[in-house]
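Novice: Chains as they are written, first to last, in the UniProt record's numbering: chain W, 1 to 208; chain U, 1 to 208. Let me give you the structure first, and then I'll get to my questions.
There are 2 protein chains.
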Amino acid sequence: MNKNIRIVIIEDDSVLRMAYKSLLSDVDDYSVVNTYASFDEAKKELINDNPDITLLDIEMPGTTGLEAIPIIKKILPQTHVIILTVFDSEEKVFNALINGASGFLTKNSSSIKIIESIHEVAQGGGAMSMNIARVVMRSFQKNLDSPLTKRETEILDLIAEGQTKTQVADQLFIDLETVRSHVKNIYIKLDVNSKSDAIKIAKTKKFI
Amino acid sequence: MNKNIRIVIIEDDSVLRMAYKSLLSDVDDYSVVNTYASFDEAKKELINDNPDITLLDIEMPGTTGLEAIPIIKKILPQTHVIILTVFDSEEKVFNALINGASGFLTKNSSSIKIIESIHEVAQGGGAMSMNIARVVMRSFQKNLDSPLTKRETEILDLIAEGQTKTQVADQLFIDLETVRSHVKNIYIKLDVNSKSDAIKIAKTKKFI
DNA sequence: AAGCAATCACCCAAAACGGGTGATTTTAAC
DNA sequence: GTTAAAATCACCCGTTTTGGGTGATTGCTT
Chain W
1 MNKNIRIVII
11 EDDSVLRMAY
21 KSLLSDVDDY
31 SVVNTYASFD
41 EAKKELINDN
51 PDITLLDIEM
61 PGTTGLEAIP
71 IIKKILPQTH
81 VIILTVFDSE
91 EKVFNALING
101 ASGFLTKNSS
111 SIKIIESIHE
121 VAQGGGAMSM
131 NIARVVMRSF
141 QKNLDSPLTK
151 RETEILDLIA
161 EGQTKTQVAD
171 QLFIDLETVR
181 SHVKNIYIKL
191 DVNSKSDAIK
201 IAKTKKFI
Chain U
1 MNKNIRIVII
11 EDDSVLRMAY
21 KSLLSDVDDY
31 SVVNTYASFD
41 EAKKELINDN
51 PDITLLDIEM
61 PGTTGLEAIP
71 IIKKILPQTH
81 VIILTVFDSE
91 EKVFNALING
101 ASGFLTKNSS
111 SIKIIESIHE
121 VAQGGGAMSM
131 NIARVVMRSF
141 QKNLDSPLTK
151 RETEILDLIA
161 EGQTKTQVAD
171 QLFIDLETVR
181 SHVKNIYIKL
191 DVNSKSDAIK
201 IAKTKKFI
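Here it is as structure tokens:
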């Protein structure tokens, strides 16, 4: 029985905290080195705990899980953070991912899923429950009923990357006047009259 | 034994095609209504097949899986496409997601994982193998060693969204001159002298 | 034959941009 | 409690970009 994956659990709900602990302690190569009810409590101890995996509740008193991620990654760059959450709002998911979470599980995940996910993450993989995967994938999907033509979409894409019309023209090997002409049509179709509005509308409607 | 999830398999490798077919046909509520060696072959038949799930190989002769996704979604908007692939380059993953794939499995996925994923996707979820999840998550993670300060990052973020300095100033309730000052510092730190270069560098280095 | 997409042209005034140089205040770290 | 870094604002300059109007040509698709 070799325990080589060191796990820390930070979860304010004591029932859940204990449940996770007993679940994971029973796995052969898992070792729950410590559990905490808040990040503020865990903060100073984490360096000694030196976890490979940190299970982190996103809703907590004091420092929230979201705020805690970058701090944890700062003091323990090699640890993998797995977020536990009840809800899965798009904003929270992306903030967690941006801050450096390696996994994202909703609390309705089965015991098996949790154990599996820790293995995957410890091996350098990513873990997402199906709810989260759905949110992430949806965020990528473009609207297939865009009013913009292929060329217009291409041009708006480049503009959304911060390029000027002149740069777009150079990159596409067309005249500046042509780009201007396309942009005018884009503005009419999207009913806007500026770059930023066009980008905003096109992004919210998933045209780009 | 009620077969209610209709599945179509499009995969040019006949061995794999048959393997998937027999694997999935044995599942109680799955019904493999047809299999094809290429999308061009499948194209006209898909309307009659009316699959709930389409398993699609990404590397195929003729129309590639990537090109096929939007066409499939066009003629069968309600079908869920699950991509099968050997490799998992970031570009392919994102193109598939953008085009409307609901799932993404590498071919080393276990039989159980495949069966599970189809269930999840059929229920409206998303499915990703751990390799893919890792790629997706990595793409989100920002560089924690950015030379930019919090405010500078915030401002560059807004500029990258297409806003002008004036709009940024209004939004952050600070003076235009302050924004200009920050932007100047950003340009120095990133060693650039234009919006588009700053955005480009900051994005490739994951500062924003 | 008609319509749409993509291409280029010229006019105009307003807005935004990039660079320089400098100052003050607030915040954070040692 | 000092000191450094971050955030704030100010005014100079000339150049580039932007948005709007109006119109034309070519090619593809239906």
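Quick reminder that beta carbons are idealized off the backbone N, C-alpha and C, glycines included.
(1) Can you tell which of W/200, W/37, W/45 has the C-alpha that lies nearest to the C-alpha of residue 63 of chain W?
(2) Relative to chain W, which residues along the segment 137-151 of chain U have a C-beta separation below 8 Å, given in chain order?
(3) Exposed or buried, which one is residue 103 of chain U when buried takes at least 16 other CB atoms within 10 Å?
(4) When the Cα atoms are used, what is the spatial distance from residue 68 of chain W to residue 194 of chain W?
(5) Taking only beta carbons into account, state which residues of the UniProt domain "HTH luxR-type" (141-206) of chain U come closer than 9 Å to chain W, listed in chain order.
(6) Alpha carbons only, please: which of U/184, U/134, U/124, U/120 is nearest the one belonging to residue 106 of chain U?
(7) Nearest CA to the CA of residue 144 of chain W: which residue from U/161, U/60, U/110, U/70?
(8) Residue ranges of each alpha helix (DSSP H) run of no fewer than 4 residues wholly in the segment 97-129 of chain U, ordered along the chain?
(9) Comparing the C-beta of residue 133 of chain U with each C-beta of chain W, is any distance below 7 Å?
(10) Compare the C-alpha of residue 77 of chain U against each of U/94, U/86, U/99, U/57 and name the closest.
(11) Round the Cβ separation of residue 168 of chain W and residue 179 of chain W to the nearest angstrom and send it over; I've been treating them as touching at under 8 Å.
(12) Measuring CA to CA, which of W/35, W/24, W/50 is closest to residue 57 of chain W?
(13) Rounded to the nearest angstrom, what separates residue 12 of chain W and residue 60 of chain W at their Cα positions?
(14) How would you label residue 32 of chain U, buried or exposed, when you count the other beta carbons within 10 angstroms and need 16 or more for buried?
(15) Using a Cβ-Cβ cutoff of less than 7 Å, which residues in the same chain neighbour residue 75 of chain W once the five nearest sequence positions on both sides are dropped?
(16) Grouping DSSP H, G and I as helix and E and B as strand, with all else coil, what is residue 38 of chain U?
(17) According to DSSP, is residue 85 of chain U helix, strand or coil?
(18) Would you grab the beta carbon distance between residue 189 of chain W and residue 156 of chain W for me? Rounded to a whole angstrom, and I think it's under 8 Å.
Specialist: Walking through what the data contain:
(1) W/37
(2) 137, 138, 140, 141, 142, 144
(3) buried
(4) 38 Å
(5) 141, 142, 144, 159, 160, 161, 162, 163, 164, 167, 194, 195, 196, 197, 198, 199, 200, 203
(6) U/134
(7) U/70
(8) 111-122
(9) yes
(10) U/99
(11) 5 Å
(12) W/35
(13) 6 Å
(14) buried
(15) 46, 47
(16) coil
(17) strand
(18) Going by Cβ atoms, the distance from residue 189 of chain W to residue 156 of chain W rounds to 10 Å, so no, they are not a contact pair.
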